[in-house]
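Engineer: The number in my numbering is simply the position in the sequence shown, starting from 1, with 144 added.
Shown below is the structure under consideration.
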Amino acid sequence: MSVLSKPYFHDEEAAFRFVEGLIWSNGPVCPKCGGVDRISAIKANPEKRVRYGLKKCGQCKSQFTVRMGTIFEESKLPLHKWLQAIYLMCSSKKGISAKQLERTLEVTYKTAWFLAHRIREAMRSGELAPFGQDGGAVEVDETYIGREPGKPVKRAFHHKMKVLSLVDRSTGQVRSVVVDNIRPATIAPIVLDNLHREARLMTDEAGHYLAVGRQFAEHGVVRHGQDEYVSTDDRTIHTNTIEGYFSIFKRGMKGVYQHCSKKHLHRYLAEFDFRYSNRSALGCEDQERAMRAVIGGVGRRLMYAN
């Protein structure tokens, strides 16, 4: 039997029960007054436009569904199609294009595009805990993609958009950020804010890491310019983990999405960070990853203009 044959992917009532079980694990909560005691269910009646999953709060008398206060709010798309889209995006290692979602879900391209961005918003991590708290190795590197708005094409990377990523080897988590340049004054604050001082910093020989590297327990450097990819003195000094992440990111961006403006690049990074940080190697399979994305949508609201 296919995973997509589960009832909540096809039946709207089952979809609401599934999402309510994830978001309201301890019972319904009124989004207006926060009440939990006197909440009753209103029986759905599509012919009279009574919505599935509709609840009524006995305290403030307001009506609501589990959609309110989440990425699903104010969406006319059936909830079971939302769940299909979330599963497809979470289970596709290199992503799934809005055109493919348009065809699969039988919606307009505009709907598919906005749907994908709302799901990426749910994938965005608000985690601020510094990496390397156990004194473990944290790899930091930058990569270049696309074209910086308004910059003429030149040699090397100057006309490209710049991404800085950090991978904690101990936890397998990745954190990425779009940067305007790779000057030490730009890179250093990001590294200092996201790494514990006891961490072992692993980078290549780029000059913008040299000064900030002195503030950590150790700064291991591999010299790619000399064809060194693993230190001969210490085999734990390398940046191969983060290079592997970049290979997935770039194959997805070039092969699946093809074009991305700088305005939206941070959301695509959130998508790739989420899948990498919740991958099978860390014990998180497709269904669990999709459920985490649904839960991550609570308190997130993305307007089309944004």
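Cβ coordinates follow ideal geometry from the N, Cα and C atoms, glycine included.
Being a predicted model, the structure only gives us computed values, none of them experimental.
Please classify L336: is it buried, with 16 or more other beta-carbons within 10 angstroms of its beta-carbon, or exposed?
Structural biologist: exposed
Engineer: Excluding the five sequence neighbours on either side, which residues of its own chain have a C-beta within less than 6 Å of the C-beta of H368, listed in chain order?
Structural biologist: D348.
Engineer: Are the CB atoms of A266 and I215 within a distance shorter than 8 Å?
Structural biologist: yes
Engineer: Please state whether the Cβ-Cβ distance between K304 and G290 is less than 8 Å.
Structural biologist: yes
Engineer: For R182, which option in A256, K243 and S206 has the closest C-alpha, if you only look at C-alpha atoms?
Structural biologist: Of the candidates A256, K243 and S206, the one whose C-alpha sits nearest the C-alpha of R182 is S206.
Engineer: Does the separation of the CB atoms of C201 and G171 fall below 8 Å?
Structural biologist: no
Engineer: Answer yes if the region 257-264 comes into contact with the region 355-366, meaning at least three C-beta pairs across the two stretches below 8 Å, and no otherwise.
Structural biologist: no
Engineer: Let me make sure I understand the geometry here. Which of G280, K238 and M233 has the alpha-carbon closest to that of R262?
Structural biologist: Out of G280, K238 and M233, M233 has the C-alpha closest to the C-alpha of R262.
Engineer: Contact defined as beta carbons within less than 8 Å: I believe N338 pairs with P274. What is the distance between those atoms, to the nearest angstrom?
Structural biologist: With 8 Å as the limit, N338 and P274 qualify as a contact, their Cβ atoms being about 6 Å apart.
Engineer: Please confirm whether S421 and V318 have their CB atoms less than 8 Å apart.
Structural biologist: yes
Engineer: Let me know if V374 comes out buried or exposed under the rule of 16 or more other beta-carbons within 10 Å of its beta-carbon.
Structural biologist: exposed
Engineer: Just grab the DSSP bridge partners of E362 for me.
Structural biologist: R344, per the DSSP bridge assignment.
Engineer: Rounded to the nearest angstrom, what separates T383 and G441 at their Cα positions?
Structural biologist: 32 Å
Engineer: What residues match up with F275 in a beta bridge as DSSP calls it?
Structural biologist: L339
Engineer: Please confirm whether R436 and R419 have their CB atoms less than 8 Å apart.
Structural biologist: no
Engineer: Using 8 Å for Cβ pairs, my map puts V307 next to I331. What's the rounded Cβ distance?
Structural biologist: Contact between V307 and I331 does not hold, since the beta-carbon distance rounds to 12 Å and is not under 8 Å.
Engineer: Taking only the alpha-carbon atoms, compute the straight-line gap between L249 and A229 and give it to the nearest angstrom.
Structural biologist: 8 Å
Engineer: So, are the CB atoms of L221 and E156 less than 8 Å apart?
Structural biologist: no
Engineer: Buried or exposed: where does G197 fall if 16 or more other Cβ atoms within 10 Å of its Cβ makes it buried?
Structural biologist: buried
Engineer: Checking 8 Å against the spacing of the C-beta atoms, do H352 and I326 come in under that value?
Structural biologist: yes
Engineer: Suppose only complete runs of 4+ residues qualify. What are the alpha helix (DSSP H) ranges in the region 198-261, listed by chain order?
Structural biologist: 223-235 and 242-249
Engineer: Can you tell me which of S235, E191 and R341 puts its alpha carbon nearest to the alpha carbon of Q277?
Structural biologist: R341
Engineer: Grab the span of the alpha helix (DSSP H) containing V356 for me, first residue to last.
Structural biologist: L354 to G357
Engineer: I think A425 touches G316, with their Cβ atoms under 8 Å apart; what is that distance to the nearest whole Å?
Structural biologist: 7 Å
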